[in-house]
Amino acid sequence: ETGVTQTPRHLVMGMTNKKSLKCEQHLGHNAMYWYKQSAKKPLELMFVYSLEERVENNSVPSRFSPECPNSSHLFLHLHTLQPEDSALYLCASSQGPSGISRELFFGEGSRLTVL
Amino acid sequence: GENVEQHPSTLSVQEGDSAVIKCTYSDSASNYFPWYKQELGKRPQLIIDIRSNVGEKKDQRIAVTLNKTAKHFSLHITETQPEDSAVYFCAASKGNNDMRFGAGTRLTVKP
Chain A
71 ETGVTQTPRH LVMGMTNKKS LKCEQHLGHN AMYWYKQSAK KPLELMFVYS
121 LEERVENNSV PSRFSPECPN SSHLFLHLHT LQPEDSALYL CASSQGPSGI
171 SRELFFGEGS RLTVL
Chain B
4 GENVEQHPST LSVQEGDSAV IKCTYSDSAS NYFPWYKQEL GKRPQLIIDI
54 RSNVGEKKDQ RIAVTLNKTA KHFSLHITET QPEDSAVYFC AASKGNNDMR
104 FGAGTRLTVK P
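Protein sequences appear in the order of chains A and B. Residue numbering for the first sequence follows our numbering, starting at 71 and increasing by one per position. Residue numbering for the second sequence follows our numbering, starting at 4 and increasing by one per position.
Right under this line is the structure:
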């Protein structure tokens with residue numbers, strides 16, 4: 071399989087649950103991202119990992135916890151979420167700023183609903 | 004940090020007409036400006052980009068213009084077709100890993 075793959079595609083969880091979103095890229099990129107997409111809002115950058123090191127954390131609440139065990143995998147661990155956290159979570163990868171191309175390659179997203 | 008404003012939020016045109024979407028950015032250090040298209044239920048995909056050393060770039064029916072002085076850039080789609088219907092996002096980046104997006108424009112092309 072090629073490109074950026076996200077699982078699960080849909081997730082419904084209660085506010086006390088703990089779940090994780092998974093992202094895998096098969097493009098040989100060295101940077102991976104989590105974005106939050108809510109209706110009628112800009113894509114919000116949450117976390118950036120470059121060469122497996124977190125380089126960006128845009129004031130995201132601690133109930134979201136990222137993990138990047140290697141350059142191909144990225145996780146977003148979720149716990150004690152709020153209903154307003156319901157959104158589409160998009161993973162993306164790129165060659166990083168040192169690459170010729172800065173294009174972001176997105177996954178299809180994980181649609182999260184918090185009850 | 005960078006702030007990207009995008010207008011209009013919705014745009015409806017007749018097939019064959021042109022469509023223009025405009026974005027402004029706040030950080031004069033931004034030097035890379037891509038446009039992404041997101042069809043319903045699908046992932047955003049890059050359709051065209053421009054760097055700050057270029058004022059205009061064209062690819063078939065789509066073109067992007069950049070005014071560095073005014074800090075705004077625009078997407079132009081000519082001879083629109085129904086398959087151009089989608090949400091379009093502009094973005095700006097300074098060259099690090101920080102890509103900031105606009106709120107998106109929902110374009111509807113009526114047959």
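Think of the CB as a built atom: it goes at the ideal place given N, C-alpha and C, for glycine as much as any other residue. Since the model is a prediction, treat every value here as computed from it, not as a measurement.
Contacts around Gly113(A), its chain only, beta-carbon distance under 8 Å, and the 5 residues preceding and following it disregarded: For the purposes of this step, residue 113(A) is identified with residue 43 of the first sequence, where counting begins at 1. Residue identity differs from the one stated: residue 113(A) is Leu in this sequence, not Gly. Within the same chain, Leu113(A) has close Cβ partners Tyr105, Lys106, Gln107, Leu160.
Taking a contact to mean a Cβ-Cβ separation below 8 Å, would you say Gly73(A) touches His96(A) in this structure? Locating residue 73(A) in the first sequence gives position 3, where the first residue counts as 1. Locating residue 96(A) in the first sequence gives position 26, where the first residue counts as 1. Their beta carbons are under 8 Å apart, which means Gly73(A) touches His96(A) by this criterion.
Does Glu8(B) come out as helix, strand or coil in the three-state DSSP assignment? Here residue 8(B) refers to the residue found at position 5 when the second sequence is read from its first residue. Glu8(B) sits in a strand when the DSSP states are folded into three classes.
In the segment 45-70 of chain B, which residues sit with their C-beta less than 8 Å from some C-beta in chain A, listed in chain order? Residues passing the 8 Å Cβ filter: Lys45, Arg46, Pro47, Gln48, Leu49, Asp52.
Beta-carbon contacts of His79(B) that lie in its chain and below 6 Å, excluding the five residues immediately before and after: Reading the second sequence from its first residue, position 76 is the one you call residue 79(B). Val23, Ala66, listed in sequence order.
For the segment 117-140 of chain A, which residues have a beta carbon sitting closer than 9 Å to at least one beta carbon of chain B? Cβ contacts with chain B come from Val118, Tyr119, Ser120, Val125, Glu126, Asn128.
Would a check of beta-carbon distances place Ser96(B) closer than 8 Å to chain A? The count along the second sequence starts at 1 and reaches residue 96(B) at position 93. It does: the Cβ of Ser96(B) has a partner Cβ on chain A nearer than 8 Å.
For the segment 72-88 of chain A, which residues have a beta carbon sitting closer than 7 Å to at least one beta carbon of chain B? Listed by position, the residues of the segment 72-88 of chain A near chain B (Cβ gap below 7 Å) amount to none.
Taking Cβ positions, are Gly19(B) and Glu59(B) nearer each other than 8 Å? If you number the second sequence from 1, residue 19(B) lands on position 16. If you number the second sequence from 1, residue 59(B) lands on position 56. Their beta carbons are not under 8 Å apart, which means Gly19(B) does not touch Glu59(B) by this criterion.
At what residues does the beta strand (DSSP E) containing Val130(A) begin and finish? Taking the first residue of the first sequence as 1, we reach residue 130(A) at position 60. That residue, Val130(A), is in no beta strand (DSSP E); it is neither H nor E in DSSP.
Selected residue, minimal CA-CA separation from Thr27(B), among Val7(B), Ser21(B), Phe104(B): Mapped onto the second sequence, residue 27(B) falls at position 24. Minimum Cα distance to Thr27(B) is reached at Val7(B).
Who are the Cβ neighbours of Leu115(B) in its own chain at under 7 Å, not counting the five residues just before and after it? Chain B is shown only over 4 to 114; residue 115(B) falls outside these bounds and no answer can be derived.
Is Tyr35(B) near Gln48(B), with beta carbons less than 8 Å apart? Reading the second sequence from its first residue, position 32 is the one you call residue 35(B). Reading the second sequence from its first residue, position 45 is the one you call residue 48(B). Between Tyr35(B) and Gln48(B), the C-beta gap is not smaller than 8 Å, which leaves the two residues out of contact.
Quick one: list the residues of chain B neighbouring Leu113(A), beta-carbon separation under 7 Å, in chain order. Position 43 of the first sequence, counted from the start, is the residue given in the question as residue 113(A). Going along chain B in sequence order, the residues near Leu113(A) (Cβ under 7 Å) are Phe92, Phe104.
Neighbour list for Tyr35(B) in chain A, Cβ cutoff strictly below 7 Å: If you number the second sequence from 1, residue 35(B) lands on position 32. Chain A residues near Tyr35(B): Arg172.
Give the list of continuous beta strand (DSSP E) stretches no shorter than 3 residues that lie fully inside the segment 79-114 of chain A. Listed in chain order, the complete beta strand (DSSP E) runs (minimum 3 residues) inside the segment 79-114 of chain A are 80-83, 88-95, 101-107.
Under 8 Å between the Cβ atoms of Ala101(A) and Asn100(B)? Numbered from its first residue, the first sequence carries residue 101(A) at position 31. Numbered from its first residue, the second sequence carries residue 100(B) at position 97. Cβ atoms of Ala101(A) and Asn100(B): closer than 8 Å.
By the criterion of Cβ-Cβ separation under 8 Å, what are the contact partners of Val16(B) in chain A? The sequence position of residue 16(B) within the second sequence is 13, counting from 1. The contacting residues do not exist; Val16(B) stays about 20 Å from chain A at best.
Spatial neighbours of Ala184(A) within its chain, please: C-beta separation below 7 Å, excluding the five flanking residues on both sides. The residue you call residue 184(A) lines up with position 114 of the first sequence. The question names Ala, yet the displayed sequence has Val at residue 184(A). Cβ within range, chain order: Met83, Met85, Leu151, Gln152, Pro153, Asp155, Ser156.
Check the Cβ of Asp101(B) against every Cβ in chain A and list those closer than 8 Å, keeping chain order. Numbered from 1 along the second sequence, position 98 holds the residue referred to as residue 101(B). Residues of chain A passing the Cβ test: Leu115, Val118, Glu126.
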